[in-house]
Amino acid sequence: MIIPETPEHFDAVRQLTIEVFAASTLGHHGEADLIVALRQRCEHTLSLVAMEDERVVGHILFSQAEIREPDLLATQCPTLGTPIFGMGLAPMSVHPSHQRRGIGSMLVKEGLQRLDELGNRFTIVAGHPEYYPRFGFRPAQEFSVSHGFQGMPQDVFFLRPGPSQDDDVFSGGRAHYHSVFGPQHEA
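When you line the sequence shown up against the numbering used here, it's residues 1 to 187, in that order.
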(Lines of atoms letter the chains of each structure in order from A and count residues from 1; the text may use other names and numbers.)
(Lines give C-alpha, C1' and ligand atoms only; values in the text may rest on other atoms or scores of the structure.)
Protein backbone atom coordinates (compact mmCIF):
# COMPACT_ATOMS: atom_id res chain seq x y z
CA MET A 1 0.00 0.00 0.00
CA ILE A 2 1.36 3.43 -0.99
CA ILE A 3 0.43 6.30 1.34
CA PRO A 4 1.66 9.84 2.05
CA GLU A 5 4.55 9.98 4.49
CA THR A 6 3.68 11.40 7.93
CA PRO A 7 5.95 12.36 10.84
CA GLU A 8 5.35 8.94 12.40
CA HIS A 9 7.22 7.43 9.41
CA PHE A 10 10.30 9.68 9.69
CA ASP A 11 12.45 7.33 11.80
CA ALA A 12 11.60 4.28 9.69
CA VAL A 13 12.32 6.19 6.46
CA ARG A 14 15.67 7.34 7.84
CA GLN A 15 16.65 3.80 8.83
CA LEU A 16 15.49 2.39 5.49
CA THR A 17 17.41 5.03 3.54
CA ILE A 18 20.63 4.48 5.49
CA GLU A 19 20.39 0.71 5.01
CA VAL A 20 19.62 0.86 1.30
CA PHE A 21 22.27 3.41 0.37
CA ALA A 22 24.98 1.86 2.57
CA ALA A 23 24.84 -1.15 0.25
CA SER A 24 24.57 0.92 -2.94
CA THR A 25 27.25 2.07 -5.32
CA LEU A 26 24.91 4.90 -6.35
CA GLY A 27 24.13 8.11 -4.52
CA HIS A 28 26.36 10.03 -2.19
CA HIS A 29 25.55 8.07 1.00
CA GLY A 30 24.11 11.17 2.63
CA GLU A 31 20.57 10.60 1.41
CA ALA A 32 19.07 10.23 4.90
CA ASP A 33 20.40 13.67 5.85
CA LEU A 34 19.25 15.02 2.49
CA ILE A 35 15.68 13.93 3.27
CA VAL A 36 15.77 15.71 6.64
CA ALA A 37 17.13 18.88 5.02
CA LEU A 38 14.44 18.81 2.32
CA ARG A 39 11.70 18.40 4.93
CA GLN A 40 13.06 21.43 6.78
CA ARG A 41 13.96 23.72 3.89
CA CYS A 42 11.89 22.82 0.84
CA GLU A 43 8.34 24.11 0.87
CA HIS A 44 7.08 21.95 -2.01
CA THR A 45 7.58 18.21 -1.58
CA LEU A 46 5.68 15.00 -2.15
CA SER A 47 6.84 12.13 0.04
CA LEU A 48 5.27 8.67 -0.16
CA VAL A 49 5.92 5.41 1.66
CA ALA A 50 5.22 1.81 0.70
CA MET A 51 3.79 -0.12 3.64
CA GLU A 52 3.65 -3.86 4.23
CA ASP A 53 2.37 -5.30 7.51
CA GLU A 54 2.51 -1.80 9.05
CA ARG A 55 6.22 -1.56 8.17
CA VAL A 56 7.84 0.98 5.82
CA VAL A 57 9.43 -1.03 3.00
CA GLY A 58 9.83 1.77 0.46
CA HIS A 59 10.05 5.54 0.21
CA ILE A 60 10.12 8.14 -2.56
CA LEU A 61 10.60 11.89 -2.33
CA PHE A 62 9.86 14.55 -4.92
CA SER A 63 11.00 18.12 -4.23
CA GLN A 64 10.75 21.40 -6.10
CA ALA A 65 13.09 21.81 -9.03
CA GLU A 66 13.38 24.34 -11.80
CA ILE A 67 14.63 24.73 -15.33
CA ARG A 68 16.36 28.02 -16.04
CA GLU A 69 17.10 29.43 -19.45
CA PRO A 70 20.75 30.02 -20.30
CA ASP A 71 22.03 33.43 -19.20
CA LEU A 72 22.68 34.52 -22.79
CA LEU A 73 19.06 34.00 -23.82
CA ALA A 74 17.81 35.63 -20.63
CA THR A 75 19.75 38.83 -21.35
CA GLN A 76 18.53 39.00 -24.96
CA CYS A 77 14.89 38.36 -24.08
CA PRO A 78 13.95 38.97 -20.42
CA THR A 79 10.82 36.78 -20.57
CA LEU A 80 13.03 33.77 -21.30
CA GLY A 81 14.77 34.25 -17.97
CA THR A 82 11.75 33.09 -15.97
CA PRO A 83 12.32 29.65 -14.45
CA ILE A 84 9.92 26.80 -15.13
CA PHE A 85 9.02 25.08 -11.87
CA GLY A 86 8.49 21.35 -11.53
CA MET A 87 9.71 18.52 -9.32
CA GLY A 88 12.83 16.42 -8.92
CA LEU A 89 12.68 12.75 -7.94
CA ALA A 90 15.31 11.85 -5.35
CA PRO A 91 15.89 9.84 -3.35
CA MET A 92 13.98 6.60 -3.66
CA SER A 93 14.59 3.55 -1.47
CA VAL A 94 13.17 0.04 -1.32
CA HIS A 95 14.25 -2.37 1.41
CA PRO A 96 16.66 -4.99 -0.02
CA SER A 97 14.33 -7.84 0.99
CA HIS A 98 11.53 -6.21 -1.03
CA GLN A 99 13.42 -5.20 -4.17
CA ARG A 100 12.49 -6.60 -7.59
CA ARG A 101 8.86 -6.97 -6.49
CA GLY A 102 7.50 -3.84 -8.18
CA ILE A 103 7.48 -1.61 -5.09
CA GLY A 104 9.78 0.99 -6.64
CA SER A 105 7.61 1.08 -9.76
CA MET A 106 4.48 1.51 -7.65
CA LEU A 107 6.10 4.41 -5.77
CA VAL A 108 7.17 6.14 -8.99
CA LYS A 109 3.78 5.64 -10.69
CA GLU A 110 1.80 6.84 -7.67
CA GLY A 111 4.04 9.87 -7.21
CA LEU A 112 3.86 10.86 -10.87
CA GLN A 113 0.09 10.40 -10.94
CA ARG A 114 -0.32 12.67 -7.92
CA LEU A 115 2.00 15.28 -9.45
CA ASP A 116 0.11 15.12 -12.77
CA GLU A 117 -3.18 15.71 -10.93
CA LEU A 118 -1.63 18.79 -9.31
CA GLY A 119 -0.62 20.20 -12.72
CA ASN A 120 3.12 19.60 -12.30
CA ARG A 121 4.97 20.87 -15.38
CA PHE A 122 7.87 18.39 -15.34
CA THR A 123 9.77 15.87 -13.25
CA ILE A 124 13.53 15.30 -13.45
CA VAL A 125 15.57 12.36 -12.21
CA ALA A 126 19.14 11.07 -12.39
CA GLY A 127 19.18 7.32 -12.67
CA HIS A 128 19.33 4.10 -14.62
CA PRO A 129 18.70 4.54 -18.37
CA GLU A 130 16.85 1.21 -18.53
CA TYR A 131 14.55 1.97 -15.57
CA TYR A 132 13.04 5.44 -15.85
CA PRO A 133 11.88 5.50 -19.51
CA ARG A 134 9.08 3.02 -18.63
CA PHE A 135 7.46 5.86 -16.64
CA GLY A 136 7.58 8.39 -19.48
CA PHE A 137 11.01 9.85 -18.70
CA ARG A 138 13.16 10.72 -21.69
CA PRO A 139 16.81 11.72 -21.82
CA ALA A 140 16.91 15.39 -20.82
CA GLN A 141 19.27 15.97 -23.73
CA GLU A 142 16.28 15.41 -26.06
CA PHE A 143 14.93 18.69 -24.67
CA SER A 144 18.38 20.38 -24.72
CA VAL A 145 18.13 20.41 -20.92
CA SER A 146 21.18 19.62 -18.83
CA HIS A 147 22.03 19.38 -15.13
CA GLY A 148 24.79 21.19 -13.26
CA PHE A 149 26.21 18.43 -11.05
CA GLN A 150 29.94 18.23 -11.59
CA GLY A 151 31.17 14.74 -12.46
CA MET A 152 27.74 13.28 -13.25
CA PRO A 153 27.27 12.26 -16.89
CA GLN A 154 24.43 13.94 -18.77
CA ASP A 155 23.22 10.60 -20.17
CA VAL A 156 21.85 9.47 -16.79
CA PHE A 157 19.67 12.58 -16.48
CA PHE A 158 16.01 12.34 -17.50
CA LEU A 159 12.99 14.61 -17.85
CA ARG A 160 9.30 13.76 -17.95
CA PRO A 161 7.04 16.59 -19.11
CA GLY A 162 3.73 17.03 -17.34
CA PRO A 163 0.67 15.75 -19.24
CA SER A 164 -0.32 19.17 -20.61
CA GLN A 165 3.20 20.51 -21.17
CA ASP A 166 4.55 21.32 -24.63
CA ASP A 167 8.04 19.80 -25.09
CA ASP A 168 9.35 22.98 -26.75
CA VAL A 169 9.09 24.99 -23.53
CA PHE A 170 12.17 23.21 -22.12
CA SER A 171 14.51 23.81 -25.04
CA GLY A 172 17.94 24.94 -23.97
CA GLY A 173 17.55 25.11 -20.20
CA ARG A 174 19.56 24.07 -17.17
CA ALA A 175 17.75 21.99 -14.54
CA HIS A 176 18.34 22.64 -10.85
CA TYR A 177 17.29 20.59 -7.87
CA HIS A 178 16.75 22.32 -4.51
CA SER A 179 19.96 23.87 -3.14
CA VAL A 180 20.26 21.21 -0.39
CA PHE A 181 21.41 18.81 -3.13
CA GLY A 182 24.65 20.78 -3.28
CA PRO A 183 26.43 22.91 -5.88
CA GLN A 184 24.87 22.94 -9.33
CA HIS A 185 26.80 24.92 -11.88
CA GLU A 186 25.22 27.09 -14.55
CA ALA A 187 27.59 26.09 -17.35
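Even for Gly, the Cβ is constructed at its ideal location relative to N, Cα and C.
| Item | Value |
| --- | --- |
| Extent of the continuous alpha helix (DSSP H) run through V20 | F10 to A22 |
| Within 9 Å, strictly: CB atoms of G151 and I84 | no |
| Alpha carbon of T17 to alpha carbon of L89, nearest angstrom | 15 Å |
| Assigned exposure category for I3 - 16 Cβ within 10 Å defines buried | exposed |
| With 16 other Cβ atoms within 10 Å as the buried cut-off, status of E142 | exposed |
| Where V156 falls: helix, strand or coil (DSSP) | helix |
| Completely contained beta strand (DSSP E) runs for the region 69-145, where each covers 3 or more residues | 84-94 and 122-126 |
| Contact the region 121-130 vs the region 150-165: 3+ CB pairs below 8 Å | yes |
| Where Q40 falls: helix, strand or coil (DSSP) | helix |
| Short Cβ contact (9 Å threshold) for E43 with Q15 | no |
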